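Numbering (mature numbering (1 follows the signal peptide of the UniProt record, and there is no 0)), first residue to last: -26 to -1, 1 to 930.
Below is one structure, written out as structure tokens, with a few remarks after it.
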């Protein structure tokens, strides 16, 4: 027994393996142990020790230590008898031994890591395992059983204090260290560097230098490394990695380069590796989160322009024998570019609601505008600031000149065609021109196996008598044209194919097969497919497609289950809506273009080679389905759930957005649940603690209610708010719910029975019945939530409209229901409502404009804020009569002015002094002299005279 327990103490020896030189590893490790012979026997008894690898030897010790801790647990169970105290001590020792074994299992995963942070964590984890065993000894004290005392005594003898994990890796040279020392990029090293994040900027910059100065093979290997763990999970170097990738996507022309074509063509294999490596959903999100989407878009546009202008017969052969064409490089760059400017938003999203949300401005022109603005800001930085910056010289963009869309005529032409497709139906195709020839060639390729009654799908040139051989040659030559020319013809191809299917010339199955052939031939055509079908769905000119299983795929197998789960999932979150199902035997139909699009997506296999293309089509399909009449969204979810069952929860989550698009009451319910959850009031989806954790949850599926994955209300709103059309309605509801929540907060400390008694007896609420301090904390939380919801719902335009019009209208209107019910409460709720609105107004202002004068958005602040202060001054002067409760009005004005003085004093430097004087005089009439003087004091030199006069008058 004692022999087995000694394996546990040697765990700290195993954890020092990462810090010991490789020469004579076993002997050197065991020389640090209190019992070297036992240590050596432990290691040499396992055949794995012959590898002489530090981490492998560490795993040997851990593998033998875990059973030893379990034996400690077994021994402690034998002494679980006698008095309650003895049983309690045994239970404590059992739990401690179990915790030790858990810690050792964690050590086993950490010891395999090449990340220095994880390696340094080993010492802490191992120390916790040993501390647990020592605590077992301390609990027993002098009455410790001899068997347990002997086992733990041996353990403590074998672990000496100096056998601790060093804080840094000192022995075994990591692959990144080898790279710094000049080691070549061998296949083994490349695999290690791909799976191990870099630990410093120096390592990344060394890799960058190798990339730009080495051979083509080394460039490709370096590109693979850049797109590996350093980008996906190198938290301390992730931004720098993304910046260097954008630089690599814009390589400089070689010194000896000459020729009429672009130098980018010579970098095709290297660029393709980078494009594929950063095409995942997570990678695109990483670039966006670090604000690098404009820089990445600026780097992608030249690649699209160049490779989209190359003929298809241009190809390159990789080391593995794989061939890539110019169309492949173009498609990878083009689809990635489209995802950066939210191409998946349907046309209807541009006309939704009273205001155009900020998100719809993410066009190519907007991205270039932001990119040029970033360049200008870098150029305007003082030289000394550039020198003292912590980022290296490589952190600056490689493209130093402003970029405009006119620099990319082919891309601009496609984008104009895309916008025309959204705005109106296609113009007539002129027979005989080059676009018509490409259309014919594509149709022949897509439906070459079909014989549609000898009738062509598009009009042919009159008098044509070419032989079938010449037609085949002509089609073949057309298909070798540049990608931009092919994309120009794709809308006409889609229109002809969809029309043929609508008229019965083409079966739905053949249509789907043809669309898949087109997408395989030129994956970039998926963008035009999405654009055309989305536009046609919103126009509503096509007859519905019956999803009956014979013509189109049928969702009948699980459609009712999907609708039921949507209802139950929303109910678990706190949103109760009428049954979604229309009836038992209602026809399952969706618009014809939508049926074609979903059928195309279902044909794709789920693998790495198609993920980047499905990542473009998938979001567009979901967003388009949301805008369609019910039950289109549930049909799409049911079809995909049949294909990929493991995606069922995500599909249900996505399908729930359609409910909020069609039912505004559901959105209001979700807002109410979000408020009650955030402030800690009773909620069906969370406990009573409230806060951000309860509001947003801990990821999708983190709450289980009745066997279903209940979605946290805040997380659900972040996903569904785009589906709500009327953003002004939502804003007004948010303000009303905020005021109502304040009343709930004020009454939360009073039992319901007592509150009813107070109302019946006309007794007033005492301040002691609700803690004002704790209530104000909840009110601040509610106000910050309300401001956040308004900001993400409508952006800057909505915030400005709310401050200029919505809030003054609310204050002017007659007493609100929440204030009427406050008469019995002695004005407490009314006062709290005023403070809540004050915090709310300040929060949305800071979200929109920032707190200083340097923000670009702050240019609009003086006009909006001055108009609001003019309203306050007019109301204080008596020129405007406010209808809300007087306590609410006073609390709002004094609270808002106090917050401005304390938090955003720079705002007042932009306001007309006469307006500020009027507000200060109104505050003085309320006996708020100190606040009035403070407001003038922060308003700059023009207000100093008025401040001095008020100080003299009031004697402050």
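Using N, Cα and C, we set each Cβ at its ideal position, and we do this for glycine too.
Keep in mind the model is a prediction, meaning the values are calculated, not measured.
Beta-carbon proximity check, residue i vs residue j, cutoff 8 Å
{"i": "residue 591", "j": "residue 500", "result": "yes"}
{"i": "residue 246", "j": "residue 303", "result": "yes"}
{"i": "residue 400", "j": "residue 413", "result": "no"}
{"i": "residue 103", "j": "residue 64", "result": "no"}
{"i": "residue 893", "j": "residue 839", "result": "no"}
{"i": "residue 107", "j": "residue 70", "result": "yes"}
{"i": "residue 565", "j": "residue 602", "result": "yes"}
{"i": "residue 17", "j": "residue 36", "result": "no"}
{"i": "residue 611", "j": "residue 685", "result": "no"}
{"i": "residue 655", "j": "residue 718", "result": "yes"}
{"i": "residue 903", "j": "residue 868", "result": "no"}
{"i": "residue 454", "j": "residue 285", "result": "yes"}
{"i": "residue 613", "j": "residue 518", "result": "no"}
For residue j and residue i, the rounded distance between their alpha carbons
{"i": "residue 79", "j": "residue 826", "result": "51 Å"}
{"i": "residue 687", "j": "residue 507", "result": "33 Å"}
{"i": "residue 640", "j": "residue 847", "result": "39 Å"}
{"i": "residue 811", "j": "residue 859", "result": "13 Å"}
{"i": "residue 22", "j": "residue 38", "result": "13 Å"}
{"i": "residue 604", "j": "residue 632", "result": "8 Å"}
{"i": "residue 163", "j": "residue 668", "result": "44 Å"}
{"i": "residue 458", "j": "residue 240", "result": "20 Å"}
{"i": "residue 485", "j": "residue 526", "result": "10 Å"}
{"i": "residue 819", "j": "residue 573", "result": "46 Å"}
{"i": "residue 598", "j": "residue 352", "result": "39 Å"}
{"i": "residue 310", "j": "residue 475", "result": "31 Å"}
{"i": "residue 645", "j": "residue 691", "result": "8 Å"}
{"i": "residue 709", "j": "residue 774", "result": "15 Å"}
{"i": "residue 544", "j": "residue 515", "result": "33 Å"}
{"i": "residue 672", "j": "residue 608", "result": "26 Å"}
{"i": "residue 900", "j": "residue 720", "result": "25 Å"}
{"i": "residue 143", "j": "residue 170", "result": "A caution first: residue 143 carries a pLDDT of 37, below 50, which makes its placement in the model too unreliable to give a value."}
{"i": "residue 176", "j": "residue 211", "result": "10 Å"}
{"i": "residue 271", "j": "residue 374", "result": "14 Å"}
{"i": "residue 203", "j": "residue 196", "result": "13 Å"}
Per-residue DSSP class, three states only, for residue i
{"i": "residue 824", "result": "coil"}
{"i": "residue 173", "result": "coil"}
{"i": "residue 240", "result": "helix"}
{"i": "residue 784", "result": "helix"}
{"i": "residue 678", "result": "Residue confidence is low: residue 678 scores 47 on pLDDT, short of 50, so the model does not pin down where it sits. No coordinate-derived value is stated."}
{"i": "residue 671", "result": "strand"}
{"i": "residue 854", "result": "coil"}
{"i": "residue 814", "result": "helix"}
{"i": "residue 475", "result": "helix"}
{"i": "residue 943", "result": "What the structure shows of the chain is the stretch from -26 to 930, and residue 943 is not part of that stretch, so it cannot be assessed."}
{"i": "residue 527", "result": "coil"}
{"i": "residue 881", "result": "helix"}
{"i": "residue 226", "result": "coil"}
{"i": "residue 665", "result": "helix"}
{"i": "residue 604", "result": "coil"}
{"i": "residue 886", "result": "coil"}
{"i": "residue 284", "result": "coil"}
{"i": "residue 644", "result": "helix"}
{"i": "residue 266", "result": "coil"}
{"i": "residue 620", "result": "helix"}
{"i": "residue 148", "result": "coil"}
Beta-bridge pairing of residue i - partner residues as DSSP gives them
{"i": "residue 518", "result": "565"}
{"i": "residue 291", "result": "297"}
Rounded Cβ spacing between residue i and residue j (contact assumed at less than 8 Å)
{"i": "residue 814", "j": "residue 760", "result": "5 Å"}
{"i": "residue 194", "j": "residue 244", "result": "6 Å"}
{"i": "residue 496", "j": "residue 305", "result": "6 Å"}
{"i": "residue 493", "j": "residue 480", "result": "Going by Cβ atoms, the distance from residue 493 to residue 480 rounds to 17 Å, so no, they are not a contact pair."}
{"i": "residue 74", "j": "residue 43", "result": "5 Å"}
Chain D contact for residue i (CB, 8 Å cutoff)
{"i": "residue 639", "result": "The chain inventory of the structure shown lacks chain D, comprising one protein chain alone."}
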